[in-house]
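For the protein sequence lines, the chains are A and B, in the order given.
Be aware that the first sequence starts at 61, since it is given in the numbering used here, and climbs by one per residue.
Be aware that the second sequence starts at 429, since it is given in the numbering used here, and climbs by one per residue.
Have a look at the structure below before the remarks.
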Amino acid sequence: MDNPLSLNRYTYVHNNPLRFVDPSGHWNQAIGANWVINEAKNKWTLAQTEGEKRYWQNYANDIRAKMIKAGYSQSDIMQSTDAMIPDSEVMKMARESAPGLTLIADFNKALWDYPGEAAAVKGAFFVGSLFNKGKGFSKLEEGLNFTGTAAKHMNEAGRFIPVQIQQSVIKYGKGFPDPRGTNATMYYDVMYKNGKKYNVEVLYDAETNTVFHFKYTDREIRNGNFVLPATK
Amino acid sequence: MKERTPRERLYWLINLYLKKQIEPDRFCNEFHITFDHDADPSEFSVLENKEFSELAEMAARFSPLEEDLKLYPNVYYSERDIEDKIIHIVQALNFKV
Chain A
61 MDNPLSLNRY TYVHNNPLRF VDPSGHWNQA IGANWVINEA KNKWTLAQTE
111 GEKRYWQNYA NDIRAKMIKA GYSQSDIMQS TDAMIPDSEV MKMARESAPG
161 LTLIADFNKA LWDYPGEAAA VKGAFFVGSL FNKGKGFSKL EEGLNFTGTA
211 AKHMNEAGRF IPVQIQQSVI KYGKGFPDPR GTNATMYYDV MYKNGKKYNV
261 EVLYDAETNT VFHFKYTDRE IRNGNFVLPA TK
Chain B
429 MKERTPRERL YWLINLYLKK QIEPDRFCNE FHITFDHDAD PSEFSVLENK
479 EFSELAEMAA RFSPLEEDLK LYPNVYYSER DIEDKIIHIV QALNFKV
């Protein structure tokens, strides 16, 4: 991670009103870091690609490792086997315990308000149409630009891949040089569409934040020594 | 009429292309989607899998837009590239049009 969590932050979150929530599980709800793990579990549930799920899993494991290092016991730490508390419930609890802290934005800010991680969270929350033909978005997190050819495929039912999934593939997938030798990077991941698993590739030019090409397939994908096995 | 299997559909699409009864852009979309989303690899011979896989990969990166072909060299395959590959496949698989 670019900006490793500081344990001081956990101390800071100890002052969060959520510490007064009555613990219902065996993990310690008075420890702020557990709420960050819970949030990562929520993100994992919403993740649309395996790469993104891996990212949030590693994220939570990283926090657990830091908590162990800081002296917390395993029984205090929220584990992957513990049921998560959905964001909606967290907000309800936050409202009950802190009437002043009523907006999701405020809550997220309180929990994630430090550089690096805040950007990661923002990127995982894209909703609505970010599709843009031509130039327009300068950062991946804001949206994606598409060439005319790629934009055309965004309008074709059998080829369309939501912008959010493409962003996720670029952000959390594995990048390799374009097999055709262009300067763009080919990113790979696995996605789900209508309950079916597919390999997905996105050819992306970081300099212009532009998608040149994308496709999904249930066939094997190869790029040099890298192999994504068939998903059938 | 009996519905074509994905394999039959791929051959049918190539026939349509050679007879100029389908636009290259539409051919590429249909070929890519049929091969990459619908077809079962066990339906094909080893040679068919190899040749069709290469054509499907090219079809997925085909552009009918002259502007994009000029602006982004090597990013896309042109109509000429697709046609050359189809002619190669017809010979390699030795099938009659």
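Built from N, CA and C at the ideal position, the CB exists for glycine as well.
| query | result |
| --- | --- |
| For VAL271(A) and GLN224(A), believed in contact at Cβ under 8 angstroms, the rounded distance | With a Cβ gap of about 13 angstroms, GLN224(A) and VAL271(A) do not count as contacting. |
| Short CB-CB distance (under 8 angstroms) between LEU441(B) and chain A | no |
| Bridge partners - MET246(A), DSSP secondary structure assignment | PHE236(A), LEU263(A) |
| Unbroken alpha helix (DSSP H) run spanning ILE91(A), endpoints | Note, ILE91(A): premise wrong, no alpha helix (DSSP H); not H, not E. |
| Meets three-Cβ-pair contact criterion under 8 angstroms: the segment 254-266 of chain A and the segment 473-483 of chain B | no |
| Interface partners of ARG454(B) on chain A, CB under 9 angstroms | By Cβ distance, chain A contributes nothing, its closest Cβ being about 10 angstroms from ARG454(B), past 9 angstroms. |
| Those residues which DSSP pairs with THR277(A) across a bridge | ASN259(A) |
| Whole-angstrom distance between ARG508(B) and ASN443(B), CA atom to CA atom | 17 angstroms |
| Anticipated Cβ contact below 8 angstroms, ARG124(A) with ILE145(A), distance rounded | No, ARG124(A) and ILE145(A) are not in contact; Cβ-Cβ is about 17 angstroms, not under 8 angstroms. |
| Closer than 7 angstroms at the beta carbon, the chain A residues around ARG489(B) | HIS273 |
| Helix, strand or coil at THR433(B) according to DSSP, with G and I counted as helix | coil |
| Cα-Cα separation, ILE510(B) to VAL287(A) | 25 angstroms |
| Three-pair Cβ contact test at 8 angstroms for the segment 447-467 of chain B versus the segment 210-222 of chain A | yes |
| PRO452(B) versus LEU493(B): straight-line alpha-carbon distance, rounded | 11 angstroms |
| Under 8 angstroms by beta carbon: chain B residues contacting ALA244(A) | VAL503 |
| Terminal residues of the beta strand (DSSP E) in which PHE286(A) lies | 286-288 |
| Neighbour flag for THR291(A) against chain B, beta carbons, 8 angstroms | no |
| ALA488(B) - containing alpha helix (DSSP H), residue span | 474-488 |
| Helix, strand or coil at ASN283(A) according to DSSP, with G and I counted as helix | strand |
| Same chain only: Cβ atoms within 7 angstroms of ASN94(A), ignoring 5 sequence neighbours per side | TRP87, ASN88, ILE137, MET138 |
| Classification of THR105(A) by the beta-carbon crowding that lies within 10 angstroms, buried from 16 upward | exposed |
| Inter-residue Cα distance where the pair is GLN252(A) and ALA107(A) | According to the sequence as given, residue 252(A) is Tyr; it is not Gln. Going by the C-alpha atoms only, they are around 10 angstroms apart. |
| Inter-residue Cα distance where the pair is ASN502(B) and GLU482(B) | 16 angstroms |
| Contacts of GLU216(A) in chain B (Cβ-Cβ under 7 angstroms) | ASN457 |
| Through-space distance from ASP278(A) to LYS257(A), alpha-carbon basis | 7 angstroms |
| DSSP three-state assignment for MET214(A), whether helix, strand or coil | helix |
| Helix, strand or coil at MET127(A) [DSSP, three-state] | helix |
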